[in-house]
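Encoded as structure tokens, the structure appears first; notes follow it.
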Amino acid sequence: MLEPQIYQLSVGQAFDGLSDSEKCYAHYMARAAWSGTRIILRQVSPESNDIFDFITALYHAYGGNWEKLATKTQVDSEEVERFLNYAAMFLSNVGNYFGSGDQKILPGISKESLAKLASLSKTASAIFSRVKEPMFAETPSSLGAPGPYTQTAYYLGDECLVSREDVNAISTIMEENAILPENTRLRRYDTGGKPRYEILQASVEEDEYVLRSKHKTSTIGQVRLVKGDYKEELEKVCCYLQEALEYTPNPAQRLMLERIHGSFLTGDLRDYKEGQNFWVTDKAPAVETVMGFVEPYRDPLGVRAEFEGIVGIADTAETSRLHCLADIADSIVCRLPWVKDYGTSKGPFEKEMFEPPDFSSVQSLAYCSSIVFPGINLPNYNDIRQETGYKNIIFSNRMVSESSRARGLHMVDPSEQEAFKRHRFHSYYIWVLLHEILGHGTGRLLSESSPGNFNFDPQNPPLNPLTGKPVESWYRPCQTWTSVFEDLATTVDECRAEIVGAYLIDEPEILGLFGYDENSEVTADDVIYNMYLQLGVDGLRGLENYDPITKKWRQAHSRAHYAMLQHLLRDSDGLYTIHLDRENNRLTVYIDRSQVLQKGKPSLSRILLQLHIYRCTADKENCRRFYEGLSRVDDEALKWREVVISRKDPPLVFCHANTFVDEEEDEVVLREYEPTSRGVIQSWIERDIDDAL
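According to UniProt numbering, the sequence shown is numbered sequentially starting from 1.
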């Protein structure tokens, strides 16, 4: 087991800049965020909650004095360190599967030694007896549709996902009953006749009833909505949201919290969406928050979402620079391949006016999620994005972790490694910004929002630039990007956003905004070359998250990076070369620096146009054919994967601060922890997610 790289997400200076009221708001929102931990644990695996309790019980056995525990139980100190690394990775990923890649995290300590450590605590021993088998079992080795090597907590019961016809019928029934899927799970019952299904909806309120449908199906029996999933966890979240309401600084935040609170009570995501509308209008708050069932990366069908809770504190200096980028974004959009040929108009596949989103940099105070992303672009609901807008949020203290390491460095020729390390963060930072603001922020989905109500002329539909013929498909009423593209939605969306960032990185206005030109210490040419080299390195690194046994991708971004590399290898006229040295177990990416923009940028333009038009026209079938062809892993790539796996970079672990109410001083105080496995564990113990309110 690789020892993790642990980073402290320092937030002290930003927190000190808040007013007393803002500190209280941040505190109670952070408590609400962390109170969702057990929802995520239950969404990951059946054993994750018990493993969390086991780590907690072991800590309390000797008050976190791990050396004393090792001595008392006569367990080797190195084994104890390996367990602490396991515990830190488990806690940082909120479950026993890595958030990035969904591969199982296995203890580096033997089962016998861990039993000894547990032996001094009755509580720990009892939990260990329950959890030791699934904790140490090598399978299921990853998350995904149920199978010999995979499992999912989103679909319960034997053969829940076997019949695609059943799943499609249930989706139709949910649409007819105005039930959005993000906060639901699905359970199947077989009773000898037609299978029955229960839609489990996350809510504090409990209720259940049969769902009616106009469309009769011969394959399934009764479909019931069962409310009250994650009831206890959401009750606690709601209590802290109520506390936070006392400190909201403006009407938009209050209305947002009231609607989110209401949606957690009833399970009705229409309230949640209304809250998202208010959230988008709350520009650059001192304390930024995200709360709810947000990202569908782990759902095998790509529609049901994992809970997450985020609290960030504004980084005002960096935010002002991001606003400068947002201000020029509309002119930059005109250079994208589906816009540039339309002259003064942006054409049918882009919004006529790119409204600069709220683009802010924050420092993460709480990020309760299986992945701590460097940047996010929300909400995911396209109707809100197109009608009200969206937000881009960059986590500056998370981004810092990327400045001190260069993942995949061994895939760069030794003569270029020093320059790659020195230049990587400069390229990566701009790439992330462009990914968020223009990658996720551009595009116009052709749609029929209600019967007969189109956002284009159906009698004179626009020409599809891929075929030269009028478009033949669009989004029908109640359809969304994720409901149409399902399992493809997240990876294609990430691929498209990544390509937008890479495609635009050579634009002089953008580079100049961040201080890069031909005379800067790191030149504009250095940034551009490093970007294209990163595309090669990240494409190969993506193979870490491909499972050759199931032939499935375990991570949307990894699949996207590999697809981009495969396209460039096939389409950029020899710009890229991958050299495999089996004898020395080396894999090296070479690109012709003199031809990067002459060959690389036009190649990115071609794949970008295809993915964009497929997305805008709801053309799932052609998109699947194209994208699956690019992301197919052949025998040569499997050889590359062997080297990639043997030289993996250490996993990232993040150590968050905590806030506490000092009753004597009547103030909220911040506590940060050392960036070690012990520090991560202590931070979670003191977070006390099971506190009595």
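The C-beta atom is built at its ideal place from N, Cα and C for all residues, glycine as well.
By the Cβ neighbour-count rule, residue 515 is exposed, with fewer than 16 other Cβ atoms within 10 Å of its own. Listed in chain order, the non-local C-beta contacts of residue 527 below 8 angstroms within the same chain comprise 423, 426, 427, 430, 505, 511 and 516, local neighbours out to five positions each way being set aside.
By a beta-carbon distance limit of 8 angstroms, residue 500 contacts residue 442. Their separation comes to about 7 angstroms. Closest by C-alpha distance to residue 614, out of 463, 276 and 95, is 463. Residue environment: residue 324 is assigned as exposed (fewer than 16 neighbouring CB atoms within 10 Å of its CB, all protein chains considered).
Secondary structure note for residue 73: its alpha helix (DSSP H) is the uninterrupted segment 66-73. By a beta-carbon distance limit of 8 angstroms, residue 366 contacts residue 310. Their separation comes to about 7 angstroms. Secondary structure remark: continuous beta strand (DSSP E) runs of at least 3 residues inside the region 250-295, in chain order: 287-295. Secondary structure of residue 346 (DSSP, three-state): coil. A distance below 9 angstroms separates the beta carbons of residue 677 and residue 6. Burial state of residue 579 is exposed, judged by a 10 Å Cβ sphere holding fewer than 16 other Cβ atoms. Excluding sequence positions up to five before and after residue 68, its CB lies within less than 6 angstroms of the CB of 62, all in the same chain and listed in chain order. Taking all protein chains in view, the Cβ of residue 209 is surrounded by fewer than 16 other Cβ atoms within 10 Å, so the residue is classified as exposed. Non-local C-beta neighbours of residue 454 in its own chain, meaning closer than 6 angstroms and more than five positions away in sequence, comprise 448, ordered along the chain. Residue state for residue 137 is assigned as coil, using DSSP reduced to three classes. Beta-bridge partners of residue 658 (DSSP): 671. By the Cβ-count criterion, residue 669 is exposed, with fewer than 16 other Cβ atoms from all chains shown falling within 10 Å of its own Cβ. As the crow flies, the alpha-carbon of residue 12 is around 55 angstroms from that of residue 195. A residue is called buried once 16 or more other Cβ atoms fall within 10 Å of its Cβ, and residue 639, having fewer, is exposed. The three-state secondary structure of residue 175, taken from DSSP, is helix.
Residues of the same chain with a CB within less than 7 angstroms of the CB of residue 474, apart from the 5 flanking positions on each side, are 446, 447, 448, 617 and 618 in chain order.
In chain order, 546 and 559 place their CB closer than 6 angstroms to the CB of residue 553, counting only its own chain and leaving out the 5 sequence neighbours on each side.
When the beta-carbon positions are compared, residue 371 and residue 393 stay at least 9 angstroms from each other.
In the structure shown, the three-state DSSP call for residue 339 is coil.
Unbroken alpha helix (DSSP H) runs of no fewer than 4 residues, entirely contained in the region 377-411, are found at 382-387 and 396-403, following chain order. Residues 633, 638 and 641 of the same chain have their beta carbon placed closer than 8 angstroms to that of residue 548, with the five preceding and five following residues left out of the count. Just measuring C-alpha positions, the residue of 156, 65, 18 and 106 sitting nearest residue 43 is 156.
The secondary-structure analysis by DSSP pairs residue 552 across a beta bridge with 547. Take the alpha-carbon of residue 118 and the one of residue 134: they are about 17 angstroms apart. Spatial neighbours of residue 686 in its own chain (CB-CB distance under 6 angstroms, excluding positions within 5 residues in sequence) are listed in chain order as 658. Rounded to the nearest angstrom, the Cβ distance from residue 466 to residue 627 is 14 angstroms, too far for a contact under 8 angstroms. Counting C-beta pairs with one atom in each stretch, the region 401-411 and the region 127-144 have fewer than three that are closer than 8 angstroms, which means they do not touch.
Taking all protein chains in view, the Cβ of residue 635 is surrounded by fewer than 16 other Cβ atoms within 10 Å, so the residue is classified as exposed. Membership of residue 580 in the beta strand (DSSP E) is indicated by the continuous run 576-581. If you keep only unbroken alpha helix (DSSP H) runs of at least 4 residues inside the region 444-532, you get 481-485, 489-504 and 508-513. DSSP, read as helix, strand or coil, puts residue 24 in helix.
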